[in-house]
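A short write-up of the structure that comes next.
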Amino acid sequence: MSFRSQAASYLEVAPLFLILLFFVGLPLAMVVVVSFWNYDDLGMYPTFTLQNYIDVLTSETTWRLYYETLKNAFLTWLLTLLIGFTVSYFLVFHVRNILWQIALFLLCTVPFWTSNIIRMISWIPFLGRNGIFNQLLMGAGITSRPLEFLLFSDFAVILSYVHLFTLFMLVPIFNSMARIDPALIEAAYDAGAKPWQVVWEVVVPLCRTGIALGSIFVVALVMGDFFAIRVLSGGQSGSVTSAMSNQIANLSYPLAAANAVVLIVIVILMVGAILRVVDVRKELAS
Numbered sequence: 000m001s002f003r004s005q006a007a008s009y010l011e012v013a014p015l016f017l018i019l020l021f022f023v024g025l026p027l028a029m030v031v032v033v034s035f036w037n038y039d040d041l042g043m044y045p046t047f048t049l050q051n052y053i054d055v056l057t058s059e060t061t062w063r064l065y066y067e068t069l070k071n072a073f074l075t076w077l078l079t080l081l082i083g084f085t086v087s088y089f090l091v092f093h094v095r096n097i098l099w100q101i102a103l104f105l106l107c108t109v110p111f112w113t114s115n116i117i118r119m120i121s122w123i124p125f126l127g128r129n130g131i132f133n134q135l136l137m138g139a140g141i142t143s144r145p146l147e148f149l150l151f152s153d154f155a156v157i158l159s160y161v162h163l164f165t166l167f168m169l170v171p172i173f174n175s176m177a178r179i180d181p182a183l184i185e186a187a188y189d190a191g192a193k194p195w196q197v198v199w200e201v202v203v204p205l206c207r208t209g210i211a212l213g214s215i216f217v218v219a220l221v222m223g224d225f226f227a228i229r230v231l232s233g234g235q236s237g238s239v240t241s242a243m244s245n246q247i248a249n250l251s252y253p254l255a256a257a258n259a260v261v262l263i264v265i266v267i268l269m270v271g272a273i274l275r276v277v278d279v280r281k282e283l284a285s
């Protein structure tokens, strides 16, 4: 490649690089810098200290919050994967008409026509003690009293996450699955494979790119969310981001920044582990 063509390539990506540098790189760099500053009740001071990281990494409460956050991320990932894979498999291999495929796929996007906050808050009148679901259960004679665990609990938080983020898992898997040649499925059946073998040994390996991308989206979104925890847990559980929100409200910016850096490192490690298992760039290029 000549110098002129190399220069042209760099010029083509320069605008995007500058935008990412200004709106992503500089803010992240500032968070890292502030995480090493000192602070007190009067403000924060640009002096180098590791005390913020010591406070974060030696706090039992912080470790518990990280455990809760990782648990929520894992459960949400597992449920969204099961739902996204099942729905994608049905749309691709059982709905033969392309128009029906598109129509049913668009139906999955209907909840996303409204705000995330509205969709999250809508669970409160549905799952509440006197909500629609409890009234239906008692009206049908299934229960004699309202189910208390439905709202303001970990169940409500996970349910809202699955509701909010399933589409982020479904779309990449559907895209990968739609590229599978139906002749491969027919050949597997002709070779005597059982349905579960076809799914596990043919469909899943060919959908690993979509699964990896969906997993990255879901994990990153859950790890960075705090509104669902605040609204639907009723104060019964917490997360790292909710703790960061409280620290910011108390003007403990350096401590919140240190928490943010640790959280970013954990998310990067999780994404890196996913990308080690699946080479997304190689899969997409093939």
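The numbering of the sequence shown is numbering that gives the first Met the number 0, which starts it at 0 and goes up by one. Positions of the beta carbon are idealized from the N, C-alpha and C atoms, including for glycine. Only a predicted model underlies this, so the values are computations on that prediction, with no experimental measurement involved.
Would DSSP call Asp180 helix, strand or coil?
On the sequence shown, residue 180 is found 181 positions in, with the first residue counted as 1. Residue state, collapsed to three classes: coil.
Given this structure, state the Cα-to-Cα distance separating Phe167 from Phe73, to the nearest angstrom.
In the sequence shown, residue 167 corresponds to position 168, counting from 1. In the sequence shown, residue 73 corresponds to position 74, counting from 1. So the two alpha carbons sit approximately 15 Å from each other.
Whole runs of the beta strand (DSSP E) within the segment 2 to 48, excluding any shorter than 3 residues
DSSP runs (the beta strand (DSSP E)) wholly in the segment 2 to 48: 37 to 39, 42 to 44.
Would you kindly report the start and end of the unbroken alpha helix (DSSP H) that includes Arg207?
In the sequence shown, counting from the first residue as 1, residue 207 sits at position 208. Looking at the DSSP string, the run of the alpha helix (DSSP H) that includes Arg207 is 207 to 222.
Cβ-based burial, Gly160 [other Cβ within 10 Å; buried from 16]:
As a working mapping, residue 160 is identified with position 161 in the sequence shown. The identity of residue 160 in the sequence shown is Tyr, whereas the question assumes Gly. Note on Tyr160: 16 or more other CB atoms within 10 angstroms of its CB, so buried under the neighbour-count rule.
Which complete alpha helix (DSSP H) runs does the segment 112 to 180 hold, if anything under 4 residues is left out?
Within the segment 112 to 180, the runs of alpha helix (DSSP H) that reach at least 4 residues and sit entirely inside it are, in chain order, 115 to 120, 122 to 126, 131 to 138, 153 to 177.
Go to Arg63, then tell me how far its alpha helix (DSSP H) extends in each direction, as first and last residue.
The residue you call residue 63 lines up with position 64 of the sequence shown. In the DSSP assignment, Arg63 falls within the unbroken alpha helix (DSSP H) covering 59 to 92.
Leu274 by DSSP, collapsed to three states: which one?
On the sequence shown, residue 274 is found 275 positions in, with the first residue counted as 1. In the displayed model, Leu274 falls within a helix according to three-state DSSP.
Look at the alpha carbon of Leu41 and the alpha carbon of Arg118, and state the distance between them as a whole number of angstroms.
Here residue 41 refers to the residue found at position 42 of the sequence shown. Here residue 118 refers to the residue found at position 119 of the sequence shown. Here the alpha carbon of Leu41 sits roughly 39 Å from the alpha carbon of Arg118.
Taking C-alpha atoms, which residue in Gly213, Glu11, Thr165, Cys206 lies nearest to Ile179?
In the sequence shown, counting from the first residue as 1, residue 179 sits at position 180. Nearest of Gly213, Glu11, Thr165, Cys206 to Ile179, Cα basis: Cys206.
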